[in-house]
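Numbering follows UniProt numbering, in which position 59 of the sequence shown is assigned residue number 59; successive positions increment by one, without gaps. All C-beta atoms, glycine included, are put in the ideal place defined by N, C-alpha and C. What you are looking at is a predicted structure, and each value in this text was computed from that prediction instead of being measured. Here's the structure we're looking at; comments come further down.
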Amino acid sequence: MRIWSPHLTRSELVAHLRARVRELARLLPVRRAVLFGSWARGRATARSDVDVLVIYADPPRPDAYALVWRTLQTPGLEPHVYAESEAAAIQETLDRMTAGGIDLLRSPLDAEHC
1 MRIWSPHLTR SELVAHLRAR VRELARLLPV RRAVLFGSWA RGRATARSDV
51 DVLVIYADPP RPDAYALVWR TLQTPGLEPH VYAESEAAAI QETLDRMTAG
101 GIDLLRSPLD AEHC
């Protein structure tokens, strides 16, 4: 069991993630990034991980997960990383996962399709 005690409030975590996602967008063509789960709902505990969905422009890249992990630099991070074509194949699941989530980044192209 992994336990970590966050030193950030939810609003501080969101600000941190937004800044890190902006940096990530320089390295990976991010279309959307969402904080979801207990942190987004305001019910995080010391055992909660930091669930972040990242969708990036095709084609799928084998280094995408590692790039997200390194760039976001967040203790407890649990990244869910998909290229657009991969995300489209499981869109209903992603919609359920991120319902009530907090947008960290949403490209104008993604907003047009939603």
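Among the options, nearest to residue i - alpha-carbon criterion
| i | options | result |
| --- | --- | --- |
| GLU86 | ALA64, GLU92, LEU104 and PRO60 | PRO60 |
| GLU78 | ARG96, ALA33 and ALA15 | ALA33 |
| ARG31 | SER48, TYR56 and TYR65 | TYR56 |
C-beta contact flag for residue i and residue j at 7 Å
| i | j | result |
| --- | --- | --- |
| GLU84 | ASP58 | yes |
| VAL21 | LEU105 | yes |
| SER38 | ALA44 | yes |
7 Å CB neighbourhood of residue i in its chain, flanking five on each side removed
| i | result |
| --- | --- |
| ARG41 | GLY100 |
| PHE36 | ASP51, LEU53, MET97, THR98 and GLY101 |
| TYR82 | ILE55 |
Per DSSP, the bridge partner or partners of residue i
| i | result |
| --- | --- |
| ASP103 | VAL34 |
| VAL14 | None; VAL14 has no bridge partner. |
| HIS7 | In DSSP, HIS7 forms no bridge with anything. |
Close beta carbons around residue i, own chain, < 8 Å, minus the five adjacent residues each side
| i | result |
| --- | --- |
| LEU8 | HIS16 |
| SER11 | none |
| SER107 | VAL30, ARG31 and ARG32 |
Beta-carbon contacts of residue i that lie in its chain and below 6 Å, excluding the five residues immediately before and after
| i | result |
| --- | --- |
| HIS80 | LEU53 |
> Counting pairs of Cβ atoms below 8 Å between the stretch 20-27 and the stretch 77-91, do you hit three or more?
Replying inline: no
- Report yes or no: do three or more beta-carbon pairs, one from the stretch 70-86 and one from the stretch 40-53, lie closer than 8 Å? yes
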